[in-house]
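For reference, the structure is listed below as structure tokens.
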Amino acid sequence: MSARWAYILGGIITVGIVIAFFMDEIRTVSVLSFSLRYAVPLILAAMVGIICERSGVINIGIEGQMLMSAFAGFFGAAITGNLILGMLIGVGSGMIMGGFLAVGAVTWRMDQIIAGTIINILATGLTSFFYAQGYVLPGVTPIVRIPLLADIPLVGPVLFNNGLFTYAAILISIVLWVLLFRTIWGLRTRSVGEKPSAADTSGIGVQRLRFLNVTFAGALAGLAGAYLALEAAGTFERGFTAGRGFTALAIMIFGAWNPLGAMFAAIFFGLTQGVASQLQADEVLAIPPQFVNMLPYVLTIVLLAAVSGRISPPAAVGKPYEKD
Amino acid sequence: MTTTDPTRTDLGFTDPDPRRTGPLDRIPGLLLPIVSVLLAFAIGGILIWLQGVNPFYAYWVLFSNALGSSEGLVRVMEKSTPLILTGLAVTVGLRAGLFNIGAQGQLLVAAVGAAWAGYAFTVPAIIHLPMAIAFGMLCGAAWASIAGVLRAYRSVSEVITTIMLNSIAIALVDYLASRPLREPDQPLSRTPPIAETAALPQFGVIPSGFILAILVALFFGWFLVRTTSGFRFNTVGLNPNAARYAGISVRGTIVLAMFVSGALAGMGGAIETLGVTGRFEPAFNAGLGFDGITIALLARANPIAAIPAALLVGTLRAGAATLQFETGIEPEVVDVILAITLLLVAAPIVARLLFRKRNIKQTKVTSGWGS
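Structure below.
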């Protein structure tokens with residue numbers, strides 16, 4: 005999407021939110037908070053996609069990476085009785101899953117989409133097999149209210165009264181933007197994703213950088229999975245991630261492979277879901293719940309169709325690098 | 043692309059060095075999947091052993107119950123039927139360079155479509171049955187075509203759209219079975235039973251849907267290799283630019299391939315409804331689509347090889363419930379075994395062991411984003 009349309013859309017949404025706020029303060033704040041919470045795993049997962057694709061590797065396995073980490077995070081926290089430890093276990097298993105994709109897609113130069121699909125199927129199989137009932141968390145990660153800032157009307161209760169993961173997701177998006185566009189690592193990563201042969205000529209280890217980026221991106225998928233299990237739901241079920249890893253890929257595209265763009269795109273996604281749920285709950289719209297559930301998926305397809313051709317992916321994405 | 047013979051395209055697989063000569067070279071196509079399956083069973087066996095069950099006993103239970111009695115065999119055939127067809131659906135897509143992850147959704151809309159066509163009409167069986175199957179196939183084809191058209195005309199990756207269409211299909215069929223197509227005055231969300239005129243008959247113990255699926259697989263074995271349309275699929279899959287240069291409509295072929303792929307998955311759903319379940323319930327038909335990917339890759343995108351691959355998966359699926367009953371092992375162990383099979387067959391692990399070659403050539407199957 006061109007920047008101009010993004011600004012126009014953002015402007016319309018902002019005006020809409022302000023109007024809604026003056027009409028019904030409580031509902032507006034609750035819808036916005038819901039939207040942000042809904043967006044958190046999407047933001048984190050989209051960052052995984054951005055790091056990988058900016059390095060030239062398609063990661064269709066984010067879903068499986070998240071699922072595995074949610075599983076590991078939940079059972080890690082439930083068994084040790086420690087949420088922080090659970091989170092670390094989730095992040096660690098995300099990194100292992102990232103390393104898995106790195107071995108397949110980078111080292112072995114497999115077809116990247118097949119490699120990611122294997123991760124998804126493997127994660128579904130393993131988490132279903134080892135799933136056991138009867139485990140409970142020692143609690144969920146606490147809500148941290150930031151003093152003073154949280155007292156600002158509208159913005160305060162929405163942005164500054166959240167769980168740790170929510171702050172982390174926003175912070176990570178900003179940091180990743182800086183890293184990608186203002187540091188040497190970012191320049192190298194982008195060059196490896198756009199023109200690996202040129203990067204190689206200038207002395208950058210293409211395979212090594214791709215391997216490391218894909219592996220460390222997995223840690224963020226781990227964070228997303230841990231968020232779902234430890235903060236959002238406080239539990240784990242089979243097939244828990246419900247396609248969020250794929251939606252995140254669409255958000256990445258919609259955000260033009262830019263961390264900040266993807267963050268806003270994810271919040272936009274959350275907003276549509278929040279508004280639809282609220283309207284349905286208030287019985288303003290007589291839509292069956294199944295159609296509300298469909299919304300993020302339909303939106304994904306519609307947005308992809310709308311933006312395709314207007315933004316282009318990193319040039320070398322999906323192509324294993326081989327020295328000539 | 044190194045391979046030019048369309049019958050021997052190594053789709054996404056480890057491609058043994060064609061210049062190498064040795065006794066193994068004549069059979070690598072068969073050896074790789076067989077060794078992968080055996081290794082996956084060994085790893086699955088370790089998992090079973092870790093749960094405190096003798097793995098040999100567990101596998102014996104799994105297979106003897108599925109293959110040792112006529113009821114077991116019927117169940118294997120019933121389970122394998124949609125698997126053959128979803129495996130074919132993925133295969134046809136792969137041949138045309140498309141990765142259809144949406145067989146699940148296509149199968150679901152077709153299952154509910156066939157159920158509707160099966161109960162809503164009162165016509166003789168000679169019309170009703172083909173009509174219900176055809177309507178189911180059409181539903182599946184239409185569902186897949188959304189992804190096909192978007193891919194061809196808007197360059198939207200079919201991988202994401204088909205996955206999204208899976209989730210949409212799950213919600214859609216749930217809605218259809220709980221509201222407009224719901225059986226009246228029943229507590230359960232499900233459609234009314236299909237009319238007898240729409241039910242697939244049995245030949246002795248053999249379900250006719252199974253025979254139909256085998257015939258379709260054989261047909262595609264011929265179609266993809268011996269017909270012009272099949273050649274177009276392969277050419278577009280191997281090299282869209284060359285196809286365009288040769289005057290093949292790449293867009294048209296993509297749309298057609300996705301349509302056919304969806305129709306095949308749809309046939310699986312229609313047979314499931316008309317031959318096995320007799321009505322549609324949203325809880326039916328879970329997870330069949332992913333198995334289609336495993337089958338297609340295990341069969342190395344060969345339509346005829348999809349039959350034994352689907353029979354293997356179908357046997358595991360049919361025996362899983364008994365396994366749990368007899369040994370307490372979760373039926374999901376089958377998912378793990380299949381996932382490991384897929385990993386071994388698609389990643390160059392086994393090939394490295396077998397062919398002792400460090401740098402195995404990987405061919406590209408999917409086309410990534412756009413292009």
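Here the protein sequences line up with chains A and B, keeping their order.
The working numbering puts the first residue of the first sequence at 5, with every later residue one more than the last.
The working numbering puts the first residue of the second sequence at 43, with every later residue one more than the last.
A virtual CB, placed ideally from N, CA and C, is assigned to each residue, including glycine.
**Q.** chain A within 9 Å of B:M309, Cβ atoms only
**A.** Here residue 309 of chain B refers to the residue found at position 267 when the second sequence is read from its first residue. With 9 Å as the cut-off, B:M309 does not count as an interface residue toward chain A.
**Q.** Contacts that A:M298 makes with chain B (C-beta to C-beta distance below 8 Å)
**A.** Taking the first sequence and counting its residues from 1, the one referred to as residue 298 of chain A is at position 294. Correct list: S209, I210, A213 and L214.
Q. From the beta carbon of A:T193, is the nearest beta carbon of chain B less than 9 Å away?
A. For the purposes of this step, residue 193 of chain A is taken as the residue at position 189 of the first sequence. It does not; no Cβ of chain B falls within 9 Å.
(Q) Less than 9 Å between CB atoms is the rule here; does A:Q294 satisfy it with respect to chain B? (A) The residue given as residue 294 of chain A occupies position 290 in the first sequence. Cβ-Cβ to chain B under 9 Å: yes for A:Q294.
Q. Bridge partners of A:I4, per DSSP?
A. Outside the displayed range of chain A (5 to 328) lies residue 4 of chain A, so it cannot be described from this structure.
Q | Residues that B:V392 bridges to, as DSSP identifies them | A | By 1-based counting over the second sequence, the position of residue 392 of chain B is 350. Beta-bridge pairing links B:V392 to no other residue.
Q. Closer than 8 Å, Cβ to any Cβ of chain A: which residues of the stretch 75 to 107 of chain B, in chain order?
A. L89
**Q.** Contacting residues, own chain, Cβ-Cβ under 6 Å from A:L48 (five flanking each side not counted)
**A.** Within the first sequence, numbered from 1, the residue matching residue 48 of chain A stands at position 44. Result list for A:L48: A173, L224, L227 and A228, in chain order.
Q: Inspect the beta-carbon positions of A:I315 and A:S39 and report whether they are closer than 9 Å.
A: For the purposes of this step, residue 315 of chain A is taken as the residue at position 311 of the first sequence. For the purposes of this step, residue 39 of chain A is taken as the residue at position 35 of the first sequence. Their beta carbons are not under 9 Å apart, which means A:I315 does not touch A:S39 by this criterion.
Q. Tell me the DSSP bridge mates of A:R149?
A. What you label residue 149 of chain A is simply residue 145 of the first sequence in a count that begins at 1. Paired residues: A:N165.
Q.
Going by DSSP, what residue range makes up the alpha helix (DSSP H) through B:S271?
A. Residue numbering aside, residue 271 of chain B sits at position 229 when the second sequence is read from its first letter. Taken as a continuous stretch (DSSP letters only), the alpha helix (DSSP H) holding B:S271 covers T270 to L280.
**Q.** Any C-beta of chain A under 9 Å from that of B:Y287
**A.** If you number the second sequence from 1, residue 287 of chain B lands on position 245. Cβ-Cβ to chain A under 9 Å: no for B:Y287.
Q) Secondary structure at A:P45, three-state DSSP: helix, strand or coil? A) Residue numbering aside, residue 45 of chain A sits at position 41 when the first sequence is read from its first letter. Helix, per DSSP.
(Q) Taking contact to mean 3 or more Cβ pairs, one atom from each stretch, closer than 8 Å, check whether the stretch 233 to 243 of chain A and the stretch 61 to 80 of chain A are in contact. (A) yes
Q.
Tell me the DSSP secondary structure of A:I23 in three-state form.
A. Your numbering for residue 23 of chain A matches position 19 in the first sequence. In this structure, A:I23 counts as helix in the three-state DSSP scheme.
Q. How should A:Y231 be labelled, buried or exposed, when 16 other C-beta atoms within 10 angstroms of its C-beta is the threshold for buried?
A. Indexing the first sequence from 1 puts residue 231 of chain A at position 227. Its Cβ being crowded by 16 or more others within 10 Å, A:Y231 is buried.
Q: Can you give me the start and stop residues for the alpha helix (DSSP H) that A:Q284 sits inside?
A: Working through the first sequence from its first residue, we reach residue 284 of chain A at position 280. Element bounds for A:Q284: P263 to A285.
Q.
My output table needs one value for B:T46: the three-state DSSP class, helix, strand or coil.
A. Taking the second sequence and counting its residues from 1, the one referred to as residue 46 of chain B is at position 4. With a pLDDT of 36 at B:T46, under the threshold of 50, the modelled position of this residue cannot be trusted; read the value that follows with caution. Coil at B:T46, not helix or strand.
Q. In terms of DSSP beta bridges, what is B:P166 paired with?
A. The count along the second sequence starts at 1 and reaches residue 166 of chain B at position 124. Partner(s): none; B:P166 has no beta bridge.
Q) Comparing alpha-carbon positions, which option in B:N344, B:T369, B:A84 and B:M173 lies nearest B:G263? A) Indexing the second sequence from 1 puts residue 263 of chain B at position 221. When only C-alpha atoms are compared, the closest one is B:N344.
Q: Would you list, in chain order, the members of the stretch 304 to 325 of chain A that have their beta-carbon closer than 8 Å to a beta-carbon of chain B?
A: T304, I305, L308, A309, S312, G313, S316, P317, V321, G322, K323 and P324
Q: Consult DSSP for A:I62 and reduce its assignment to one of helix, strand or coil.
A: Along the first sequence, one-based indexing puts residue 62 of chain A at 58. DSSP places A:I62 in coil when its eight states are reduced to three.
**Q.** Whole-number beta carbon distance between A:V210 and A:V61, since they are thought to touch under 8 Å
**A.** Position 57 of the first sequence holds residue 61 of chain A. Position 206 of the first sequence holds residue 210 of chain A. Actually they are not in contact, since the Cβ atoms of A:V61 and A:V210 sit about 11 Å apart, beyond 8 Å.
Q) When the Cα of A:C104 is compared with those of A:G90, A:I122 and A:L92, which residue comes out closest? A) Reading the first sequence from its first residue, position 100 is the one you call residue 104 of chain A. Reading the sequence as shown, one finds Phe at residue 104 of chain A and not Cys. When only C-alpha atoms are compared, the closest one is A:I122.
Q) Rounded to the nearest angstrom, how far is the Cβ of B:I248 from that of B:P124, given a contact under 8 Å? A) Here residue 248 of chain B refers to the residue found at position 206 of the second sequence. Here residue 124 of chain B refers to the residue found at position 82 of the second sequence. Their Cβ separation, rounded to whole angstroms, is 16 Å, which puts B:I248 and B:P124 out of contact at 8 Å.
Q) What residues in the stretch 194 to 205 of chain B bring their beta carbon closer than 7 Å to a beta carbon of chain A? A) R196, S197, V198, V201, I202, T203 and I205
(Q) Would B:L104 and B:L395 qualify as a contact pair, given that the criterion is a beta-carbon distance under 9 Å? (A) Against the second sequence, residue 104 of chain B aligns to sequence position 62. Against the second sequence, residue 395 of chain B aligns to sequence position 353. Taking 9 Å as the Cβ cut-off, B:L104 and B:L395 do not qualify as a contacting pair.
Q. Are the C-beta atoms of A:F133 and some chain B residue less than 9 Å apart?
A. One-based indexing of the first sequence puts residue 133 of chain A at position 129. Chain B, which has a Cβ nearer than 9 Å to the Cβ of A:F133, makes this yes.
Q) Taking the alpha helix (DSSP H) that B:E113 falls in, what are its first and last residues? A) On the second sequence, residue 113 of chain B is found 71 positions in, with the first residue counted as 1. Looking at the DSSP string, the run of the alpha helix (DSSP H) that includes B:E113 is S112 to R137.
Q.
Can you look up A:Q137 in the DSSP assignment and give me helix, strand or coil?
A. Here residue 137 of chain A refers to the residue found at position 133 when the first sequence is read from its first residue. Of the three classes helix, strand and coil, the one that applies to A:Q137 here is coil, per DSSP.
Q.
According to DSSP, is B:P65 part of a helix, a strand, or is it coil?
A. In the second sequence, the residue the question calls residue 65 of chain B occupies position 23. Note that B:P65 has pLDDT 46, beneath the 50 cutoff, so the model's placement of it is unreliable and no number is given.
(Q) Using the Cβ count rule (16 or more neighbours within 10 Å means buried), how would you classify A:Q116? (A) As a position in the first sequence, residue 116 of chain A is number 112, starting the count at 1. When all chains shown are included, A:Q116 counts as buried.
(Q) Does the stretch 253 to 267 of chain B come into contact with the stretch 146 to 166 of chain B, if we say contact requires no fewer than three beta-carbon pairs (one atom in each stretch) closer than 8 Å? (A) no
Q. At a cut-off of 8 Å, is B:G246 close to the ligand MN when judged by its beta-carbon and the heavy atoms of the ligand?
A. This structure does not include the ligand MN; it has no bound ligands of any sort.
Q) Helix, strand or coil for A:Q294 per DSSP? A) In the first sequence, residue 294 of chain A corresponds to position 290, counting from 1. A:Q294 falls in the helix class under three-state DSSP.
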